[in-house]
Amino acid sequence: MEPARKRRISPVWEHFDLIPPNKVRCLLCSKELGYINNTSSMLRHYRALHQNKEETGASPSHATRKQELDESLVSMIVKDTQPFSIVDDVGFRAFVSKLDPNCVLPTRQALKAMVEAKYESAKEKDMAKVEKVAAVSLTSDMWTSINIDAYLAVTCHFVGEKTTLSSVLLGVQAFPQSHTAVNIARVKASLMEEWGIANKVTCMVTDGAPNMVACVRELKLRHHICIAHTLNLIVKKALDQQLVLSGIRAKARKLVGFFKSSTTAKEKLTQVQHHLGMANMKLMQEVETRWNSTYLMLQRLVEQREPVGAALAGLQHDIPFLTAEEFNIVGGCLSLLSPFYDATVELSAEENVSASKVVPLVKMLEHTLQEEIKPAPAAVLEMGDQLIRQLREKLYTLQSMSIMTLATLLDPRFKVIGFFSQTKATEAIKRLTSECATIIRSKQSTEEIPQASTSHDVTGDSKLWHRLDTSVMEAWKTQNVTADATVEVQCYLSEPNISRLENPLEYWERQKLLYPNLYRLALAYLCLKPKTVEKLLFLNKNE
């Protein structure tokens, strides 16, 4: 009887059914809501998601305008990661009223419902994209928020329609449990299962943390440590082990800190820069965990050497300035670090593919370091040697990893010239030919194979030659598959390389009919890139 009475009082019951004992179901979208003797949540749900479509009292133009404004508000919340409470802020409401006095902002709860609906819609579309692809790679990271809450993020990378590289954030989940490899693996496995990619993962990329490495081992996936992260470790170790440079960095930090903390010093530097006709450039402070901040701090000091020295001369202080010899050491070290900085920026900004670039990039780093090591202060020479040793120790093994070498070969910008040696290139070509043959063999498994002669011997026993005939057929099949794979690989490698600035995926889109089996491999190897918080970040990254 209660539902009937409620329907007579509130028209919203026209759009809901009661589900005993304490839920209701929306007749328009089937969403279930809690119900405790009032219709507030039902009204919010209806107004947020269905009123513009079902309301007959409003004109079509008014309903469309309201929907456009609501969608725009949701987009703002997503793109700018604004809190839902913004719709309650007095200043924001006054601003909206000035823009449109007739605009009625949704409640905080209604806004949250709209974001959730947008999330479900976007997730459904992205799942449909991922479902169509044959191979993906995953990147994963963990971090702690300023509120000391831990989060785990997993992103999926794949070559999608028209052979373009795409990325989808699978999830950003609060991670309150212990950060063990087993716990992390359980969450990642759940995400892979949810998105239907458990059997499609070519590789998972993480940092070098032991729990992350063990997690990938637990999942039984190919693993690769983030190259940018490895470069950071290489340079940081080289910087920390160079005692002379460590002393210079300490002086530089103190100097930069003085100009950042003293208003008088800051104003004096600005005046001197203006007097010298230079742009107003602030000094940059080093951050302990990021070597590139060290590079930028020292680079800015070298650039601003003259105005900083002049400003210090006009101030009362006890801050020592770098000597001419120290600036000479800094200049030499910056020459060594510059290619590492460029490599980190390039890998982070790569929009096409990045895995195929790693081996040739390491090769170019070593060549550049050897060219830069020339008559220089002892500290610079020591640092150059240390960088080369670290590079060989940490990254030389990459040229023996099949996933990296195949990616390099399949990148028409690099092919064999991306390798350190002809021996490593030859090994990679053998692996690529074998992989290509495997694809051809799998395609032929359902095709008709020529049968051997069925003539009987004089005994009339048809089984007498069965084993030999089968062996002949298998040998015939293997020889032809290997020959076909070899021809396809050699034809591809004999073509001239495309420009380093061209998009390798566009090349494969053009050549997929000419090299159909290598095209399938290229798609696989060149793709190597709390609940409400998760939904906002998902939309922010995937929209």
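Residue numbering for the sequence shown follows full-length UniProt numbering, beginning at 1 and increasing consecutively. Using N, Cα and C, we set each Cβ at its ideal position, and we do this for glycine too. Keep in mind that this is a model prediction, so the values were computed, not measured.
Problem set entry | Entirely enclosed alpha helix (DSSP H) segments - the stretch 203–228, minimum 4 residues | 210–219
For this session: Can you grab the Cα-Cα spacing for the pair L361 / I329, in whole Å?
Result: 26 Å
Exercise. Just how far apart, CA to CA, sit R47 and S145?
Worked result: 34 Å
Problem set entry | Endpoints, alpha helix (DSSP H) assigned at E286 | Neither: E286 is in no alpha helix (DSSP H) and is coded neither H nor E.
Problem set entry | DSSP state of T139 mapped onto helix, strand, coil | strand
For this session: Could you say which of R510, L336, L518, K266 lies nearest to K236 if we only look at CA atoms?
Result: L336
For this session: Measuring alpha carbon to alpha carbon, tell me which of H15, N37, K430 ends up nearest E29.
Result: According to the sequence displayed, residue 29 carries Cys and not Glu. Measuring from the Cα of C29, the nearest candidate turns out to be H15.
Exercise. Can at least three beta-carbon pairs, one atom from the stretch 109–118 and one from the stretch 147–162, be found at a separation below 8 Å?
Worked result: no
Problem set entry | Three-state secondary structure assigned by DSSP to R413 | coil
Exercise. Is M281 buried or exposed, if buried means 16 or more other CB atoms sit within 10 Å of its CB?
Worked result: exposed
Problem set entry | Inter-residue CB distance, Y35 and L49 (contact presumed, cutoff 8 Å) | Not quite, the Cβ-Cβ distance comes to about 17 Å (not below 8 Å), so this is no contact.
Exercise. With 16 as the cutoff for other CB atoms within 10 Å, does Q451 come out buried or exposed?
Worked result: Only weak support exists for where Q451 lies, its pLDDT of 48 falling under 50; the coordinates are left without a value.
Exercise. Exposed or buried, which one is A110 when buried takes at least 16 other CB atoms within 10 Å?
Worked result: buried
Exercise. Using the C-alpha atoms, what's the distance from C333 back to F327?
Worked result: 10 Å
Exercise. How many angstroms separate the CA atom of K363 from the CA atom of M127?
Worked result: 38 Å
For this session: Assign C527 to one of three DSSP states: helix, strand, or coil.
Result: coil
For this session: Less than 8 Å between the CB atoms is what I'm expecting for K260 and Q285, so what's the real figure, rounded?
Result: 6 Å
For this session: State the Cα-Cα distance for the pair T39 and H45, rounded to the nearest angstrom.
Result: 10 Å
Exercise. Where are the beta strand (DSSP E) runs, 3 residues long or more, that stay fully inside the stretch 113–173, in chain order?
Worked result: 136–144, 150–159
Exercise. Is L276 buried or exposed, if buried means 16 or more other CB atoms sit within 10 Å of its CB?
Worked result: exposed
Exercise. Span of the alpha helix (DSSP H) holding C436?
Worked result: 422–444
Exercise. Would L528 be called buried (16 or more neighbouring beta carbons within 10 Å of its own) or exposed?
Worked result: buried
For this session: With a threshold of 16 other CB atoms inside 10 Å of the CB of residue 548, please say whether the residue is buried or exposed.
Result: Beyond the ends of the chain as shown, which are 1 and 543, falls residue 548; an answer cannot be given.
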